[in-house]
Amino acid sequence: MEEQLARVEIKRSGKGYSAVLWTETEGDKEITNKTLEGLFRELTMDLEFAVGEHQREGRGVEFSAEEEFENLQYAQEWGDQS
Numbered sequence: 001m002e003e004q005l006a007r008v009e010i011k012r013s014g015k016g017y018s019a020v021l022w023t024e025t026e027g028d029k030e031i032t033n034k035t036l037e038g039l040f041r042e043l044t045m046d047l048e049f050a051v052g053e054h055q056r057e058g059r060g061v062e063f064s065a066e067e068e069f070e071n072l073q074y075a076q077e078w079g080d081q082s
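Numbering (the working numbering), first residue to last: 1 to 82.
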């Protein structure tokens with residue numbers, strides 16, 4: 001059985017890139033970034049979180065310490081670019 005977990009719409013404007021991300025766990029969220037790479041990095045983190053939350057609800061899966069550390073590193077790098 002297929003189940004939609006997320007939907008992404010990406011747009012380019014004069015100031016950079018934006019995306020509207022819908023996830024089952026968080027609903028709609030708008031993300032903007034000056035670079036496409038930065039936008040993809042944040043989208044990836046949000047999608048990993050959404051899938052992780054979905055898995056936790058269904059099977060009790062948790063992120064490993066290594067995954068949590070990587071997510072914190074991405075968040076810090078993204079924050080430095082904004």
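Even for Gly, the Cβ is constructed at its ideal location relative to N, Cα and C.
Could you compute how far the alpha carbon of residue i sits from the alpha carbon of residue j?
i: L72; j: F49; result: 12 Å
i: A19; j: E70; result: 22 Å
i: Y74; j: L47; result: 13 Å
i: K15; j: E77; result: 20 Å
i: T23; j: L39; result: 16 Å
Which first and last residues belong to the beta strand (DSSP E) in which residue i is found?
i: L21; result: G16 to T23
i: E30; result: G27 to N33
i: E9; result: A6 to S13
With burial defined as no fewer than 16 other Cβ atoms inside 10 Å of the residue's Cβ, what is the status of residue i: buried or exposed?
i: L36; result: exposed
i: D28; result: exposed
i: T44; result: exposed
i: E42; result: buried
Could you say which of the options lies nearest to residue i if we only look at CA atoms?
i: T25; options: N33, R7 and T32; result: R7
i: E9; options: G16, E30, D46 and E2; result: E30
i: T32; options: A75, R12 and Q76; result: R12
i: L21; options: Q4, G14 and K15; result: Q4
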